[in-house]
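According to the UniProt record's numbering, the stretch in the sequence shown is residues 1 to 341, in order.
We treat Cβ as the ideally placed atom computed from N, Cα and C, and that holds for glycine.
Since the structure is predicted, the reported quantities are computational estimates derived from the model, not experimental observations.
Input: a single structure, listed below in structure tokens.
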Amino acid sequence: MSSDNKDIALSIIHFLRQSVKRNEISEDYAESMDVAIDCIADAFEVNKDDDNKAVANKFGGKGLNELLKTGASPSASGSALEEQDEGAKEKADDLKTQGNREMASKNFEGAIAKYTEAIELYPGNAVYYSNRAAAYSSVGNHALAVKDANKAIEIDPSFSKAYSRLGLAHYANGDAKAALQAYEKGLEAEGPNKSEAMKKGYETAKRRVEQDLESSISSSDVTSKDAESSKEGAGESGSSDRGAGPDLSSMFGGGAGGMPNFADLMNNPQLMSMARNFLSDPSALQNLMSNPAVRQMAEGLGGGSNGESPNLSELMNNPMLKNLANQFMGGNNNGNNNNAS
């Protein structure tokens, strides 16, 4: 058993004997205290009569109760803690200074290491986190820069430089809106003496937010117009296609208001087939005249000149159409010569 434990046991024996001697306990328990003293002496293998000697040599003559009172003194413990904190803070400040030198030399990783050491020694300083946020931004680690800047603000909400570091990290990370909010709070923290760096950061973030908003609106308008255009185009196509026959304007070889080329007509197999149907079914011609393209061609040939429906008798007496009909009928009689073998 160590001598320290024996000394402590003798100190306890001394305390118990003094309590009995000073009548601090009832006489009814005096005998019980003697038994306790004997048990302690046996357990720690000490001579109970060495208690005064141990207290004098090891504890400066102070009994157990005095030692406890001294150790529990607020002034003593507070003083010790303050001395410890001051020592840690001085060393942490020195590490921060070393980190600043590394930043000036553009050794950003080295700066991060120094600031981290300072934080480990004294984690209650917002400057250390703010400086490390700047170092993280310098190496492109904007997520950690945001985290450190927020920690610095948490420790000291009035530390304006932390808002600037936060705004820069958010902006570099592509979040202009969050950057703008950070710079706004930074300007508030600076009060009337606003720094140029904070104002410049605020204006830059504000322009980016406005540009993003304009771009979003423009993109939305273009998408909407494209959708409407597609819808209109689909409606027009659907209405013009319903019940429509062949493209007669191209079939007859004529444009809007233009005269057809009869040589081309005679060589058009679609028109030849349609003409044969007209000859076998006269009512088919009347149905054909309801087609806007045929109506336009008929007006060009002289029928229905004032927007009225073409007169079929006049139309069929047209010399060119009569010649075309004769050619069709002739073609019909000799149609076997025109078919592909």
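Straight-line Cα distance separating residue j from residue i
{"i": "S177", "j": "L68", "result": "Ser is not the amino acid found at residue 177; the sequence shown has Lys there. Spanning the two alpha carbons is a distance of roughly 59 Å."}
{"i": "A135", "j": "F59", "result": "52 Å"}
{"i": "N5", "j": "E120", "result": "35 Å"}
{"i": "K89", "j": "A111", "result": "18 Å"}
{"i": "K206", "j": "V146", "result": "19 Å"}
{"i": "N100", "j": "A149", "result": "17 Å"}
{"i": "D175", "j": "T97", "result": "31 Å"}
{"i": "A172", "j": "S137", "result": "8 Å"}
{"i": "G253", "j": "S215", "result": "Low confidence applies to G253: its pLDDT is 48, below 50, so where it sits in the model is not reliable, and the reading given next is rough at best. Whole-angstrom Cα-Cα distance: 49 Å."}
{"i": "L144", "j": "R132", "result": "9 Å"}
{"i": "A126", "j": "I217", "result": "41 Å"}
{"i": "D49", "j": "T116", "result": "56 Å"}
{"i": "A152", "j": "R165", "result": "10 Å"}
{"i": "E109", "j": "F44", "result": "57 Å"}
{"i": "Y202", "j": "P192", "result": "15 Å"}
{"i": "Y163", "j": "E196", "result": "14 Å"}
{"i": "K62", "j": "D93", "result": "41 Å"}
{"i": "D85", "j": "A118", "result": "13 Å"}
{"i": "S130", "j": "L213", "result": "31 Å"}
{"i": "S26", "j": "R17", "result": "13 Å"}
{"i": "S3", "j": "D51", "result": "13 Å"}
{"i": "A244", "j": "R208", "result": "Note that A244 scores 45 on pLDDT, short of 50, meaning its location in the model is unreliable and no value can be drawn from it."}
{"i": "M198", "j": "E66", "result": "59 Å"}
{"i": "E184", "j": "Q211", "result": "18 Å"}
{"i": "S237", "j": "H142", "result": "Low confidence applies here, because S237 scores a pLDDT of 48, under 50, leaving its location unreliable; read the following figure in that light. Approximately 54 Å between the Cα atoms of the pair."}
{"i": "Y29", "j": "V35", "result": "10 Å"}
{"i": "L95", "j": "A113", "result": "9 Å"}
{"i": "V139", "j": "S105", "result": "14 Å"}
{"i": "A76", "j": "L64", "result": "Low per-residue confidence applies at A76: pLDDT is 47, beneath 50, and the placement is therefore not dependable, though the value from the model is reported in the following sentence. Those two C-alpha atoms are separated by around 18 Å."}
{"i": "L107", "j": "A182", "result": "A small correction: the amino acid at residue 107 is Asn; Leu does not occupy that position in the sequence shown. N107 and A182: Cα-Cα distance of roughly 27 Å."}
{"i": "M33", "j": "E24", "result": "12 Å"}
{"i": "K21", "j": "E154", "result": "58 Å"}
{"i": "K194", "j": "M103", "result": "25 Å"}
{"i": "H170", "j": "E190", "result": "20 Å"}
{"i": "E31", "j": "C39", "result": "13 Å"}
Residue nearest to residue i in terms of C-alpha spacing, selected from the options
{"i": "G87", "options": "Y122, Q98 and K185", "result": "Y122"}
{"i": "E188", "options": "E102, K161, I13 and S3", "result": "K161"}
{"i": "A41", "options": "E214, I12 and N131", "result": "I12"}
{"i": "L10", "options": "I25, A54, G124 and V20", "result": "A54"}
{"i": "S158", "options": "E90, G186 and G167", "result": "G186"}
{"i": "N47", "options": "A30, S19, K21 and I8", "result": "I8"}
{"i": "K200", "options": "G174, G191 and L168", "result": "L168"}
{"i": "I37", "options": "S26, A179, S19 and N23", "result": "S19"}
{"i": "S91", "options": "Y128, A56 and K62", "result": "Looking at the sequence shown, residue 91 is not Ser but Lys. The shortest C-alpha separation from K91 is found at Y128."}
{"i": "D156", "options": "N141, Q181 and G124", "result": "G124"}
{"i": "G14", "options": "D28, H170 and A56", "result": "Residue 14 is actually His in this sequence, not Gly. Ranking D28, H170 and A56 by Cα distance to H14 puts A56 first."}
{"i": "A179", "options": "R22, E102 and T204", "result": "T204"}
Below-8 Å beta-carbon distance, residue i vs any chain C residue
{"i": "S3", "result": "Although the question refers to chain C, the structure presented lacks it and comprises just one protein chain."}
Contact test: residue i Cβ vs the ligand PLP heavy atom, cutoff 7 Å
{"i": "I8", "result": "With respect to the ligand PLP, the structure offers nothing, as it holds no ligand at all."}
Margin query: I'd like the ranges of any alpha helix (DSSP H) spanning at least 4 consecutive residues and lying wholly in the UniProt domain "SGTA homodimerisation" (5–69).
Written below: With a minimum length of 4 residues, the continuous alpha helix (DSSP H) runs that stay inside the UniProt domain "SGTA homodimerisation" (5–69) are 30–43 and 51–58.
Check: Can you list, in chain order, the stretches of the alpha helix (DSSP H) that have 4 or more residues and sit fully within the stretch 126–183?
Finding: If we require 4 residues or more, the alpha helix (DSSP H) runs fully inside the stretch 126–183 come out as 126–138, 142–155 and 160–172.
Checklist line | Residue ranges of each beta strand (DSSP E) within the UniProt repeat "TPR" (92–125), 3 or longer | finding: Whole beta strand (DSSP E) segments, 3+ residues: zero.
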